[in-house]
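Asks: Structure in structure tokens, see below.
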Amino acid sequence: MGTVPVYQLVAGGLTVGAFAPLGFYPLALVTLAWLAHVWRGAPPRRCFWTGFWFGLGLFGAGVSWIYVSMHDIGGMPAPLAAFATLVFCAFLALYPAAAGWLQARIPAGDAMRACLLIPAAWTLAEWLRSWMLTGFPWLSLGYAAVGWPLQGYAPVGGVFALSFITLTLAGLIWLLAARRPRAGYWLTLALAMVAGGEALRHVEWSSPASAPLNVALLQGNIEQSLKFDPARYARTLESYARLAEATQARLIIFPETAVPRFLDQVERDYLRRLDAVAQRNGGDLLLGVPTRKSNEEFFNSVITLGVSPVQAYHKVHLVPFGEFVPPGFAWTLRVVDIPMSDFSRGTLGQRLLAVAGQRIAANICYEDAFGDEIAAQLPEATLLVNVSNVAWFGDSLAPAQHLQIARARALETARMHLTATNTGITAAIDRDGTVRARLPQFAEGRLEASAQGYAGATPYVRWRDWPVVVVSLGVLAAAALVARRRRSR
36 MGTVPVYQLV
46 AGGLTVGAFA
56 PLGFYPLALV
66 TLAWLAHVWR
76 GAPPRRCFWT
86 GFWFGLGLFG
96 AGVSWIYVSM
106 HDIGGMPAPL
116 AAFATLVFCA
126 FLALYPAAAG
136 WLQARIPAGD
146 AMRACLLIPA
156 AWTLAEWLRS
166 WMLTGFPWLS
176 LGYAAVGWPL
186 QGYAPVGGVF
196 ALSFITLTLA
206 GLIWLLAARR
216 PRAGYWLTLA
226 LAMVAGGEAL
236 RHVEWSSPAS
246 APLNVALLQG
256 NIEQSLKFDP
266 ARYARTLESY
276 ARLAEATQAR
286 LIIFPETAVP
296 RFLDQVERDY
306 LRRLDAVAQR
316 NGGDLLLGVP
326 TRKSNEEFFN
336 SVITLGVSPV
346 QAYHKVHLVP
356 FGEFVPPGFA
366 WTLRVVDIPM
376 SDFSRGTLGQ
386 RLLAVAGQRI
396 AANICYEDAF
406 GDEIAAQLPE
416 ATLLVNVSNV
426 AWFGDSLAPA
436 QHLQIARARA
446 LETARMHLTA
456 TNTGITAAID
466 RDGTVRARLP
476 QFAEGRLEAS
486 AQGYAGATPY
496 VRWRDWPVVV
506 VSLGVLAAAA
516 LVARRRRSR
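Position in the sequence shown (from 1) plus 35 gives the number in my numbering.
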């Protein structure tokens with residue numbers, strides 16, 4: 036292939052700059068417009084490989100933190116960790132490759148291809164990536180639009196709708212740059228799309244469900260290498276107890292596995308101490324702690340203490356290799372040290388946590404990357420809460436990307452999203468996706484904020500991902516049917 040893949044890899048890598056932490060959304064429009072140009076008139080095989088190399092650049096740069104978790108934290112030898120990361124990114128690159136192949140299989144004009152076929156094929160591939168083989172929806176293009184005018188479409192169609200619109204806008208930019216006919220029409224359409232998103236940003240999709248409450252999000256800043264060290268255990272518990280006792284907040288939220296032992300192994304006096312804090316404040320406390328029902332069922336959980344009855348949420352969407360070992364990959368446990376890497380899945384449809392006068396949709400770690408699953412808990416939920424331990428990924432892109440994902444969930448559901456993490460980024464996010472307050476990374480702290488519970492259902496909550504999936508399939512089917520009829524004439 037000569038040097039051609041270099042340009043495709045670079046274009047994919049540059050697209051990462053559209054996501055957090057840099058967050059320069061127009062960069063994605065430029066690289067995707069370039070991709071539309073490269074795909075124009077190319078045969079399916081070439082489009083497949085172009086999409087693959089573009090995707091490898093995108094994921095190779097965007098989720099390079101996989102290497103950090105396996106080597107720097109997990110202790111996997113560097114060559115093996117690099118190889119495993121490359122294989123994982125190459126697998127993810129198959130989705131944009133498939134999108135390139137699919138759009139090339141359907142004959143169409145330049146405008147149809149750039150503005151409809153490519154968006155439909157790519158969005159459908161992103162949707163498949165979000166659930167196939169447990170799913171990995173990280174770096175869906177729609178996340179890059181958070182904080183920009185097009186985010187107004189998120190409550191209507193979700194992140195995948197933002198992906199579709201982003202690709203359509205990139206197609207319009209390519210039509211303008213290529214000086215295709217009807218330039219005035221394409222420019223007007225592009226401006227109308229941006230204006231529509233900006234107008235939707237000012238729609239209030241939900242209304243206050245109760246009076247605001249004071250919340251405290253705790254960030255213990257426990258290094259991952261020390262988190263499960265028995266010699267550090269007592270200090271870890273004392274750090275969190277001290278942070279909790281210093282607040283008067285009605286709702287106190289600990290991060291994921293803040294207590295690094297199974298609940299039945301935790302000293303009763305410590306649990307009573309935390310319960311007393313919540314009782315003193317007339318509220319409740321959410322505690323991240325592993326639980327087990329037997330010697331064979333272990334859960335990554337959040338339990339409640341305080342005024343309300345004791346409740347629990349068990350994580351449903353487990354992280355491959357981090358929390359469960361896929362069949363055939365038990366050998367990885369011999370080369371990487373990941374404590375508690377064999378959790379069981381919680382059941383679907385668990386009850387919301389009724390605490391501090393709110394009905395909370397709790398989620399753990401990267402569960403908030405699955406918008407459809409979060410939306411399934413609404414409109415009953417008044418508040419979203421995520422507890423995470425992003426220390427696994429060190430000082431990488433992962434924490435900022437995760438915060439951007441949390442902002443998208445707030446937008447889609449028109450709910451505040453509170454996220455408590457071990458090392459950052461701990462934040463309180465308003466229903467419009469604005470980060471109201473946050474703590475610095477890699478620092479112990481307590482984030483005090485006022486949280487508002489909301490009621491109401493956005494269009495996305497009602498219909499979730501199905502409208503954009505149906506539209507994408509409809510575009511591809513209609514284009515294929517038109518092309519077939521033309522060939523038969």
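Glycine included, each C-beta is placed from N, C-alpha and C at the ideal position. Computed from a prediction, not measured in an experiment: that's the story for all the values here.
Tell me whether Leu520 is buried or exposed, calling it buried when 16 or more other Cβ atoms sit within 10 Å of its Cβ.
Replies: Taking the sequence shown and counting its residues from 1, one reaches residue 520 at position 485. According to the sequence as given, residue 520 is Arg; it is not Leu. Per the 10 Å Cβ criterion, exposed.
Asks: Excluding the 5 residues preceding and the 5 following Ser485 in the sequence, name in chain order all residues of the same chain whose CB lies nearer than 7 Å to its CB.
Replies: Looking up residue 485 in the sequence shown gives position 450. Correct list, in chain order: Pro247, Asn249.
Asks: Taking the continuous beta strand (DSSP E) assigned at Phe54, which residues delimit it?
Replies: By 1-based counting over the sequence shown, the position of residue 54 is 19. Neither: Phe54 is in no beta strand (DSSP E) and is coded neither H nor E.
Asks: With DSSP as the reference, label Asp310 as helix, strand or coil.
Replies: Your numbering for residue 310 matches position 275 in the sequence shown. DSSP places Asp310 in helix when its eight states are reduced to three.
Asks: Give the range of the beta strand (DSSP E) segment to which Gly110 is assigned.
Replies: Position 75 of the sequence shown, counting from 1, holds the residue named residue 110. Neither: Gly110 is in no beta strand (DSSP E) and is coded neither H nor E.
Asks: Per DSSP, His72 is paired with what?
Replies: Indexing the sequence shown from 1 puts residue 72 at position 37. DSSP output for His72 lists no bridge partner at all.
Asks: According to the neighbour-count rule (16 or more other Cβ atoms, all chains shown, within 10 Å of its Cβ), is Lys328 buried or exposed?
Replies: The residue given as residue 328 occupies position 293 in the sequence shown. Lys328 comes out exposed.
Asks: For Ala281, is the classification buried or exposed, using 16 other Cβ atoms within 10 angstroms of its Cβ as the cut-off for buried?
Replies: For the purposes of this step, residue 281 is taken as residue 246 along the sequence shown, with counting starting at 1. By the 10 Å Cβ count, Ala281 comes out exposed.
Asks: Going by the beta-carbon positions, is the gap between Ala463 and Arg471 smaller than 7 Å?
Replies: Translated into positions along the sequence shown, residue 463 becomes position 428. Translated into positions along the sequence shown, residue 471 becomes position 436. Taking 7 Å as the Cβ cut-off, Ala463 and Arg471 qualify as a contacting pair.
Asks: How should Ala139 be labelled, buried or exposed, when 16 other C-beta atoms within 10 angstroms of its C-beta is the threshold for buried?
Replies: One-based indexing of the sequence shown puts residue 139 at position 104. By the 10 Å Cβ count, Ala139 comes out buried.
Asks: Work out the CA separation of Ala411 and Asn421 for me, nearest whole Å.
Replies: Translated into positions along the sequence shown, residue 421 becomes position 386. Translated into positions along the sequence shown, residue 411 becomes position 376. When rounded, the distance between both Cα atoms is 15 Å.
Asks: Going straight from the alpha carbon of Gly37 to that of Gln439, what length do you get?
Replies: Residue mapping note: residue 37 aligns to position 2 of the sequence shown, counting from 1. Residue mapping note: residue 439 aligns to position 404 of the sequence shown, counting from 1. Any answer about Gly37 is weak, because its pLDDT of 42 lies below 50 and its placement is not dependable; what the coordinates show is given next. Those two C-alpha atoms are separated by around 37 Å.
Asks: How many Å lie between Phe126 and Gly90 at the Cα?
Replies: For the purposes of this step, residue 126 is taken as the residue at position 91 of the sequence shown. For the purposes of this step, residue 90 is taken as the residue at position 55 of the sequence shown. Approximately 9 Å, taken between the alpha carbons.
Asks: Would DSSP call Asp403 helix, strand or coil?
Replies: Numbered from its first residue, the sequence shown carries residue 403 at position 368. If DSSP states are grouped into helix, strand and coil, Asp403 belongs with the helices.
Asks: One question on the structure: do Leu67 and Ala266 come within less than 7 Å of each other, judged by their Cβ atoms?
Replies: If you number the sequence shown from 1, residue 67 lands on position 32. If you number the sequence shown from 1, residue 266 lands on position 231. No, the pair does not count as a contact, with Cβ atoms beyond the cut-off.
Asks: For Trp501, count the other beta carbons within 10 Å of its own beta carbon; 16 or more makes it buried, fewer makes it exposed. Which is it?
Replies: To locate residue 501, count along the sequence shown from 1; it is residue 466. Counting Cβ neighbours within 10 Å, Trp501 comes out exposed, since fewer than 16 surround it.
Asks: Check for me: the alpha helix (DSSP H) holding Gln436 runs from which residue to which?
Replies: For this step, residue 436 is matched to residue 401 along the sequence shown. Gln436 -> alpha helix (DSSP H) spans 433-448.
Asks: Report, in whole angstroms, the separation of the C-beta atoms of Leu253 and Arg481, which I expect to be a contact under 8 Å.
Replies: By one-based count along the sequence shown, residue 253 stands at place 218. By one-based count along the sequence shown, residue 481 stands at place 446. Between Arg481 and Leu253 the Cβ distance is about 6 Å, and since that is below 8 Å, they are a contact.
Asks: Is there contact between the stretch 341-352 and the stretch 313-321, where contact requires at least three CB pairs shorter than 8 Å?
Replies: Contact between the stretch 341-352 and the stretch 313-321 is present, because at least three Cβ pairs lie under 8 Å.
Asks: Measuring CA to CA, which of Ile460, Ala117, His352 is closest to Ser165?
Replies: Within the sequence shown, numbered from 1, the residue matching residue 165 stands at position 130. With distances taken between Cα atoms, Ser165 lies closest to His352.
Asks: Spell out a yes or no on whether the stretch 179-193 and the stretch 490-505 are touching, meaning 3 or more CB-CB pairs, one atom from each, closer than 8 Å.
Replies: Judged by Cβ distances under 8 Å, the stretch 179-193 makes contact with the stretch 490-505, as three or more pairs qualify.
Asks: Measuring CB atoms only, is the stretch 153-165 touching the stretch 93-112, in the sense that at least three cross pairs come out at less than 8 Å?
Replies: At 8 Å Cβ cutoff, the stretches do not touch.
Asks: What residue does the alpha helix (DSSP H) around Thr85 start on, and which one ends it?
Replies: Numbered from its first residue, the sequence shown carries residue 85 at position 50. 79-97 is the extent of the alpha helix (DSSP H) around Thr85.
Asks: CA-CA distance, Val45 and Asp465?
Replies: For the purposes of this step, residue 45 is taken as the residue at position 10 of the sequence shown. For the purposes of this step, residue 465 is taken as the residue at position 430 of the sequence shown. C-alpha separation (whole angstroms): 35 Å.
Asks: Where does Asn398 land, buried or exposed, given buried means 16+ other C-beta within 10 angstroms?
Replies: Here residue 398 refers to the residue found at position 363 of the sequence shown. Buried: at least 16 other Cβ atoms inside 10 Å.
Asks: What is the DSSP secondary structure of Ala462, counted as helix, strand or coil?
Replies: As a first step, residue 462 is located in the sequence shown; it is residue number 427 there, counting from the start. Correct three-state label for Ala462: strand.
Asks: Could you check whether Asn424 and Pro325 sit closer than 7 Å to each other, using their CB atoms as the reference points?
Replies: Translated into the one-based positions of the sequence shown, residue 325 becomes position 290. Translated into the one-based positions of the sequence shown, residue 424 becomes position 389. Not in contact: Pro325 and Asn424 (Cβ atoms no closer than 7 Å).
Asks: Let me confirm a value: Glu408 is counted as buried when at least 16 other C-beta atoms fall within 10 Å, else exposed. Which label applies?
Replies: Here residue 408 refers to the residue found at position 373 of the sequence shown. When all chains shown are included, Glu408 counts as buried.
Asks: If you pair each beta-carbon of the stretch 41-61 with each one of the stretch 437-454, do three or more pairs fall below 8 Å?
Replies: Cβ pair count under 8 Å is three or more, so yes.
Asks: Taking just the CA atoms, how far does Gly95 sit from Glu447?
Replies: To locate residue 447, count along the sequence shown from 1; it is residue 412. To locate residue 95, count along the sequence shown from 1; it is residue 60. Each residue's alpha carbon lies about 28 Å from the other.
Asks: With Ala416 and Arg394 assumed to form a contact (beta carbons below 8 Å), what rounded beta-carbon distance in angstroms separates them?
Replies: Walking along the sequence shown from the start, residue 416 turns up at place 381. Walking along the sequence shown from the start, residue 394 turns up at place 359. Right, the Cβ-Cβ distance comes to about 5 Å (below 8 Å), so this counts as a contact.
Asks: Does the distance from the CB of Ser175 to the CB of Gly491 come in under 7 Å?
Replies: Along the sequence shown, read from residue 1 onward, the residue named residue 175 stands at position 140. Along the sequence shown, read from residue 1 onward, the residue named residue 491 stands at position 456. Going by C-beta atoms, Ser175 is not nearer than 7 Å to Gly491.
Asks: Check each candidate in Thr458, Gly231, Pro78 and name the one with the smallest Cα separation from Ala132.
Replies: One-based indexing of the sequence shown puts residue 132 at position 97. Ranking the options by Cα distance to Ala132, first place goes to Pro78.
Asks: Flag this pair as touching only if the stretch 222-234 and the stretch 448-456 have three or more C-beta atom pairs under 8 Å; answer yes or no.
Replies: No, because fewer than three Cβ pairs between the stretch 222-234 and the stretch 448-456 fall closer than 8 Å, the two stretches do not touch.
Asks: Determine the extent of the alpha helix (DSSP H) in which Tyr275 is found, giving its start and end residues.
Replies: As a first step, residue 275 must be located in the sequence shown, where it is residue number 240. First-last of the alpha helix (DSSP H) with Tyr275: 268-280.
Asks: By how many angstroms is the C-alpha of Ala276 removed from the C-alpha of Trp162?
Replies: As a working note, residue 162 is residue 127 in the sequence shown. As a working note, residue 276 is residue 241 in the sequence shown. Cα to Cα, Trp162 sits roughly 42 Å from Ala276.
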